[in-house]
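Peer 1: So that we are looking at the same thing, I have put the structure below in structure tokens.
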Amino acid sequence: MRVTAETVARRAGVSRATVSRVLNNNPNVSDQMKRRVMKVIDELNYRPSSVARSLRLQTSDIVGFMIPVSLEQTFADSFFSDIMSGICDAVSLFSLRLQVFTSSPAGSQAIEQLIQSNQIAGVILHDRIEDPIRKVVLENGTPCVVVGTIEDKEDRETFGSVSVDNFGGVYRSVEHLIRSGYRKIAYIAGSMSSLGGGRDRLRGYQAALQDYGLECKSEHVGVGEFDREIARQIAERMLETDDRPEAVVCANDLMALGVISAASKIGLSVPGDLGVIGFNDSAFAKDIDPPLTTVRQPVQEIGYEAAKMLAMMIRGNEIRERHLVLPTQLIVRKSC
């Protein structure tokens with residue numbers, strides 16, 4: 010039977026994450042725990058990937074950043090390009106090199122091969138990246154920071170993360186609408202497949218309605234996949250019903266553009282007939298007509314802090330806060 014990190018974890022009575030940290034010589038693992046895991050490794054004659062050993066020797070200076078969209082989509086929405094800008098600043102500061110991968114089959118295969126062949130020092134993932142890549146990272150003990158929220162306990166023990174106050178950002182958006190007189194408020198989510206950020210925003214929407222005694226209607230919630238056209242189609246369906254919403258909160262600014270387009274198509278004005286709020290405060294948000302009310306998140310800082318945390322992991326430095334949450338701010342303009 011092939012011996013894996015999971016086999017070692019079961020025999021030692023620890024999580025797979027703990028085995029990965031031991032292999033990666035993580036300074037946050039106690040000496041007692043290291044001896045316990047290493048004893049089982051010797052008993053099972055487990056031969057881990059050379060990645061963990063090489064990372065301790067720092068034989069690679071490449072940091073991989075995997076994005077959950079195509080390169081074309083990356084530059085259509087400034088979110089990922091701004092994150093990359095922040096990553097580049099930190100990578101340069103720590104004398105590392107950045108290599109970007111998409112989550113396409115080819116991109117996934119490429120980053121897997123680099124991890125398994127000892128050619129990459131650490132990885133930055135977005136929280137919309139699915140399980141297979143995270144599993145490869147865990148198996149190889151590769152230092153990893155997630156851009157976004159992590160809910161899984163084992164992932165939280167192993168990975169670092171940099172996220173924003175997603176819950177509070179959407180909560181304040183809905184609260185602003187309610188205080189402005191809106192009562193029927195819809196929400197178009199980005200994706201529910203993320204590790205937590207998308208769900209945190211949905212919870213913020215639901216909590217605000219509940220706290221103000223308003224009903225959360227299933228027909229007033231859609232999933233737009235962070236895509237302008239999908240959001241436009243969802244908004245059209247919502248706005249053509251007898252119980253149409255008076256305002257729509259969107260999980261990003263591109264989807265807010267889609268909602269505004271849908272309203273215009275069926276003869277509704279923004280904000281006269283419909284209030285709209287986005288999320289991100291993209292570069293175009295202040296320049297559209299009407300200027301978009303949105304939640305500002307420090308996108309470049311997210312990338313910078315994620316890369317800085319990863320560089321510290323690669324060097325084996327102690328990290329005081331492995332799950333950093335940055336604040337968001339509601340920017341009120343003319344769309345509601």
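Start counting the sequence shown at 10; every next residue gets the next number (the numbering used here). Heads up, the beta-carbon is just placed ideally off N, CA and C, and yes, glycines get one too.
(1) What are the partner residues of Gly231, as DSSP defines its beta bridges?
(2) With DSSP as the reference, label Arg62 as helix, strand or coil.
(3) Among all the DSSP beta bridges, which residues are the ones paired with Asn348?
(4) By the 10 Å Cβ neighbour count, where 16 or more other Cβ atoms means buried, how is Asn54 classified, buried or exposed?
(5) Whose C-beta lies closer than 7 Å to the C-beta of Asp209 among residues of the same chain, with five residues either side of it excluded?
(6) Please identify the residue among Cys259, Val308, Met93 whose C-alpha is closest to the C-alpha of Val179.
(7) Taking its Cβ as the centre, do 16 or more other Cβ atoms sit within 10 Å of Glu249, making it buried, or is it exposed?
(8) Let me know the alpha helix (DSSP H) ranges lying completely inside the segment 258 to 290, each 4 residues or longer, listed in chain order.
(9) How should Pro77 be labelled, buried or exposed, when 16 other C-beta atoms within 10 angstroms of its C-beta is the threshold for buried?
(10) Would you check if the segment 149 to 156 and the segment 311 to 324 touch, i.e. whether three or more CB-CB distances between them fall below 8 Å?
(11) Does the Cβ of Arg237 have 16 or more other Cβ atoms within 10 Å, making it buried, or fewer, making it exposed?
(12) How far does the alpha helix (DSSP H) with Thr111 in it extend, from its first residue to its last?
(13) With DSSP collapsed to three states, give me the class of Gly312.
(14) Do you know how far the Cα of Glu310 is from the Cα of Ser227?
(15) Going by alpha carbons, who is nearest to Asp290 out of Ala271, Val132, Leu283, Leu266?
(16) Taking the alpha helix (DSSP H) that Gly95 falls in, what are its first and last residues?
(17) Between which two residues does the beta strand (DSSP E) containing Gly73 stretch?
(18) Three Cβ pairs or more, each shorter than 8 Å: is that satisfied between the segment 272 to 286 and the segment 183 to 191?
(19) So, with DSSP's three-state summary, where would you put Leu223?
(20) Determine the DSSP secondary structure at Gly131, reduced to helix, strand or coil.
(21) DSSP on Ser117, reduced to helix/strand/coil?
(22) The beta strand (DSSP E) with Gly169 in it runs from where to where?
(23) Can you tell me the Cα-Cα spacing of Val279 and Arg106, whole angstroms?
(24) Drop a sphere of 10 angstroms on the beta-carbon of Val28, count the other beta-carbons inside from all chains shown, and report buried for 16 or more, exposed for fewer.
(25) Can you tell me which of the three DSSP states Ala14 falls into?
(26) Suppose the cutoff is 8 Å on Cβ atoms and the five residues either side in sequence are ignored; what does the same chain contact list for Ser69 look like?
Peer 2: According to the structure data:
(1) Start at 1 with the first residue of the sequence shown, and residue 231 comes out as number 222. In DSSP, Gly231 forms a bridge with Ile197.
(2) Here residue 62 corresponds to residue number 53 of the sequence shown, with the count starting at 1. For Arg62, the predicted structure reports a pLDDT of 48, less than 50, and the residue's modelled location is therefore unreliable. A value from the coordinates is still provided. Residue state, collapsed to three classes: helix.
(3) The question about residue 348 has no answer here: the residues shown for the chain are numbered 10 through 345.
(4) Position 45 of the sequence shown holds residue 54. Under this definition Asn54 is an exposed residue.
(5) Your numbering for residue 209 matches position 200 in the sequence shown. Cβ neighbours of Asp209 beyond the five flanking positions: Thr158, Asn175, Phe176.
(6) Position 170 of the sequence shown holds residue 179. For the residues Cys259, Val308, Met93, the minimum Cα distance to Val179 belongs to Cys259.
(7) The residue you call residue 249 lines up with position 240 of the sequence shown. Classification of Glu249: exposed, given that the 10 Å Cβ count is below 16.
(8) 262 to 274
(9) In the sequence shown, residue 77 corresponds to position 68, counting from 1. Classification of Pro77: buried, given that the 10 Å Cβ count is 16 or more.
(10) yes
(11) The residue labelled residue 237 in the question sits at position 228 within the sequence shown. By the neighbour-count rule (16 or more Cβ atoms within 10 Å), Arg237 is buried.
(12) Here the question's residue 111 lines up with position 102 in the sequence shown. From DSSP, Thr111 is part of no alpha helix (DSSP H) but of the beta strand (DSSP E) over 106 to 111.
(13) Looking up residue 312 in the sequence shown gives position 303. In the structure shown, Gly312 sits in a helix (DSSP, three-state: H, G or I).
(14) For this step, residue 227 is matched to residue 218 along the sequence shown. For this step, residue 310 is matched to residue 301 along the sequence shown. So the two alpha carbons sit approximately 35 Å from each other.
(15) Counting from one through the sequence shown, the residue named residue 290 turns up at place 281. Nearest C-alpha to Asp290: Leu266.
(16) As a working note, residue 95 is residue 86 in the sequence shown. 87 to 102 is the extent of the alpha helix (DSSP H) around Gly95.
(17) Start at 1 with the first residue of the sequence shown, and residue 73 comes out as number 64. It spans 71 to 76 - the beta strand (DSSP E) in which Gly73 sits, taken as one unbroken run.
(18) yes
(19) Indexing the sequence shown from 1 puts residue 223 at position 214. Note: Leu223 maps to coil in three-state DSSP.
(20) Position 122 of the sequence shown holds residue 131. Strand, per DSSP.
(21) Residue mapping note: residue 117 aligns to position 108 of the sequence shown, counting from 1. Three-state DSSP puts Ser117 in a helix.
(22) Start at 1 with the first residue of the sequence shown, and residue 169 comes out as number 160. Looking at the DSSP string, the run of the beta strand (DSSP E) that includes Gly169 is 169 to 173.
(23) Along the sequence shown, one-based indexing puts residue 279 at 270. Along the sequence shown, one-based indexing puts residue 106 at 97. Roughly 45 Å between the two C-alpha positions.
(24) Residue numbering aside, residue 28 sits at position 19 when the sequence shown is read from its first letter. The residue in question, Val28, is buried, as its Cβ has 16 or more Cβ neighbours within 10 Å.
(25) On the sequence shown, residue 14 is found 5 positions in, with the first residue counted as 1. Three-state DSSP puts Ala14 in a helix.
(26) Taking the sequence shown and counting its residues from 1, the one referred to as residue 69 is at position 60. By the criterion of a C-beta distance shorter than 8 Å, Ser69 is surrounded in its chain by Ser63, Asn127, Gln128, Ile129, Ala130, once the five residues flanking it on both sides are discounted.
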